[in-house]
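Engineer: Got a structure for you, written out below as structure tokens; questions coming shortly.
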Amino acid sequence: MEIVPTGAALGADVWNVDLANLTDTAFAEIHQSWLDHNGVLRFPCQRLDDNGFLAFAARFGELDMAPINANGHYWKPEYPQLAVISNVVLDGKPVGSLGSYESKWHTDMSYNELPPKASILYAIELPREGGDTGFASTAAAYDALPEDMKKRLAGLTCKHDSSHNSVGQARKGFAEAYEKREDIPGAVHPLVAMHPETGRKVIYLGRRARAYIRELPPGESDALLDELYAHVSKPEFTWTQKWRHGDVVLWDNRCTLHRRDALDPNERRLLHRAQIKDVAPMSAAA
Ligand code: SIN
Numbered sequence: 002m003e004i005v006p007t008g009a010a011l012g013a014d015v016w017n018v019d020l021a022n023l024t025d026t027a028f029a030e031i032h033q034s035w036l037d038h039n040g041v042l043r044f045p046c047q048r049l050d051d052n053g054f055l056a057f058a059a060r061f062g063e064l065d066m067a068p069i070n071a072n073g074h075y076w077k078p079e080y081p082q083l084a085v086i087s088n089v090v091l092d093g094k095p096v097g098s099l100g101s102y103e104s105k106w107h108t109d110m111s112y113n114e115l116p117p118k119a120s121i122l123y124a125i126e127l128p129r130e131g132g133d134t135g136f137a138s139t140a141a142a143y144d145a146l147p148e149d150m151k152k153r154l155a156g157l158t159c160k161h162d163s164s165h166n167s168v169g170q171a172r173k174g175f176a177e178a179y180e181k182r183e184d185i186p187g188a189v190h191p192l193v194a195m196h197p198e199t200g201r202k203v204i205y206l207g208r209r210a211r212a213y214i215r216e217l218p219p220g221e222s223d224a225l226l227d228e229l230y231a232h233v234s235k236p237e238f239t240w241t242q243k244w245r246h247g248d249v250v251l252w253d254n255r256c257t258l259h260r261r262d263a264l265d266p267n268e269r270r271l272l273h274r275a276q277i278k279d280v281a282p283m284s285a286a287a
């Protein structure tokens, strides 16, 4: 196995490994590299069937169920832990979620009390261009904050919105808008949290829209969140994945944000995603 860092604030390529036939020793090395490279690893040139993909994901912990689609079903009922991310429409019905839209910076399902600690995507069909996925290190971004900002953020909590997905669509059963911010559904998490495995402090953010800092009045909360998203998404804290067939990308939702570029709806893009449950919510950094 050869591990080659991207040279950016996060991410490394893992070469010469077959994820369908992984020894425990190789897995231990992968797990450590994942922590060492700020939570993003790419495994090029993989060939995985659905069982192999889910078996690799399950090495990291218990798998979460995939979100159900607008018809109330799993995308692949025979594999309820497997989410299909796709813009492909067959006989008028989408085969997966997120379509061709841009998806804004977020970490997965942070609107839940216990969000998944990790997510894994496997590229099966790709457009000729578009649909690149960007990642940001929220640990590197925290470290670079001025001391007075670190003091200002300490002890603050953020409400993460569960009513809309990352491409801005209201989820089934949720309202488009809420009169009072307190009515917005979702979980509350510390704004500065501690990564349970590395001990590093992170700026813990989800989707920007409708999120708010509970201890601040609306105007101040919006201004501070806008400032934090602008900071975290600076080029020095980010890296962009340009997908190739067979790429598997693993990310740590506890210390990264990710986003996706829009793509031409006439091009096909199809990826499989699995998510790994966490054992405890993020705790506030001391
Ligand atoms: C996701 O946000 O889980 C999907 C990202 C992508 O489509 O690249």
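Take any residue in the sequence shown, count from 1 to its spot, add 1: that is its number in our numbering.
Positions of the beta carbon are idealized from the N, C-alpha and C atoms, including for glycine.
#1: So which of V203, Y102, T239 has the shortest CA-CA distance to R269?
#2: Ordered along the chain, which non-local residues of its own chain (more than five positions away) have a Cβ less than 8 angstroms from that of L64?
#3: Taking only heavy atoms of ligand 1 into account, decide whether any of them is closer than 6 angstroms to the Cβ of R211.
#4: How long is the line joining the alpha carbons of D253 and H259, rounded to whole angstroms?
#5: Within the segment 134-189, note down every full alpha helix (DSSP H) run reaching 4 residues or more, in order along the chain.
#6: So what's A59 in DSSP terms, helix, strand or just coil?
#7: Check whether the Cβ atoms of C256 and A140 lie closer than 7 angstroms to each other.
#8: Determine which residues share a DSSP beta bridge with T239 and list them.
#9: Using a Cβ distance threshold of 8 angstroms, determine whether the segment 119-126 contacts the segment 218-225, with at least three qualifying pairs required.
#10: Flag this pair as yes or no: are the beta carbons of F136 and V41 separated by less than 7 angstroms?
#11: Work out the CA separation of Y75 and L36 for me, nearest whole Å.
#12: In terms of DSSP beta bridges, what is T257 paired with?
#13: In its own chain, which residues sit with a C-beta less than 8 angstroms from the C-beta of M66, not counting the 5 before and 5 after it?
#14: Need the endpoints of the beta strand (DSSP E) that W106 sits in, please.
#15: With 16 as the cutoff for other CB atoms within 10 Å, does S284 come out buried or exposed?
#16: Can we count R261 as close to ligand 1, meaning its CB is less than 6 angstroms from some heavy atom?
#17: Between the C-alpha atoms of L11 and A188, what's the straight-line distance to the nearest angstrom?
#18: With distances taken between CB atoms, is the gap from A286 to M195 smaller than 7 angstroms?
#19: So the alpha helix (DSSP H) L122 belongs to, where does it begin and stop?
#20: Drop a sphere of 10 angstroms on the beta-carbon of Q47, count the other beta-carbons inside from all chains shown, and report buried for 16 or more, exposed for fewer.
#21: Leaving out the 5 sequence neighbours to the left and right, which residues in its chain are closer than 7 angstroms to N166 when beta-carbon positions are compared?
#22: Measure the C-alpha to C-alpha separation of S138 and V90 and round it to an integer number of angstroms.
#23: Taking only runs that begin and end inside the segment 7-51, name each unbroken beta strand (DSSP E) of 3 or more residues, in chain order.
#24: Cβ of T108 versus every heavy atom of ligand 1: is any distance shorter than 6 angstroms?
#25: Tell me, which residues are paired with K94 by DSSP?
#26: Can you give me the Cβ contacts of G53 inside the same chain, cut-off strictly under 6 angstroms, excluding the 5 residues immediately before and after it?
#27: Could you check whether the Cβ of A231 sits closer than 7 angstroms to any Cβ belonging to chain B?
#28: Determine the DSSP secondary structure at P266, reduced to helix, strand or coil.
Structural biologist: From the atom records:
#1: For R269, the nearest C-alpha among the options comes from Y102.
#2: Closer than 8 angstroms at the Cβ level, and outside the excluded window around L64, lie L55, A58, Q82, A275, Q276, I277, K278.
#3: The answer is no for R211.
#4: Rounded to whole angstroms, D253 and H259 show a C-alpha spacing of 10 angstroms.
#5: The qualifying runs are 139-144, 148-154.
#6: A59: helix per DSSP, three-state reduction.
#7: It is a contact, given that the beta carbons lie within the stated cut-off.
#8: Under DSSP, T239 forms a beta bridge with A137.
#9: Taking one beta carbon from each stretch, the segment 119-126 and the segment 218-225 have fewer than 3 pairs nearer than 8 angstroms; the two do not touch.
#10: In this structure, F136 lies near V41, with their beta-carbon atoms less than 7 angstroms apart.
#11: Computed Cα separation, rounded: 31 angstroms.
#12: Beta-bridge pairing links T257 to S138.
#13: Around M66: Y75, P81, Q82.
#14: Element bounds for W106: 104-107.
#15: The residue is exposed, with fewer than 16 neighbouring Cβ atoms inside 10 Å.
#16: Result yes, Cβ under 6 angstroms from ligand 1.
#17: So the alpha carbons of these two residues sit roughly 27 angstroms apart.
#18: Cβ atoms of A286 and M195: closer than 7 angstroms.
#19: For L122, no alpha helix (DSSP H) segment is defined; the enclosing uninterrupted segment is the beta strand (DSSP E) at 119-126.
#20: Of the residues assessed, Q47 falls on the buried side of the cut-off, its CB having 16 or more other CB atoms within 10 angstroms.
#21: Exclusion of the five residues before and after N166 leaves R172 as the residues of its chain whose Cβ lies within less than 7 angstroms of its Cβ.
#22: In a straight line, the C-alpha of S138 is about 34 angstroms away from that of V90.
#23: Listed in chain order, they are 13-16, 41-44.
#24: If you check the C-beta of T108 against ligand 1, you find no heavy atom less than 6 angstroms away.
#25: Beta-bridge partners assigned by DSSP to K94: L91.
#26: Beyond the five residues adjoining it in sequence on each side, G53 comes within less than 6 angstroms, by CB distance, of A21 in the same chain, given in chain order.
#27: In the structure shown, chain B does not exist; there is a single protein chain.
#28: DSSP places P266 in coil when its eight states are reduced to three.
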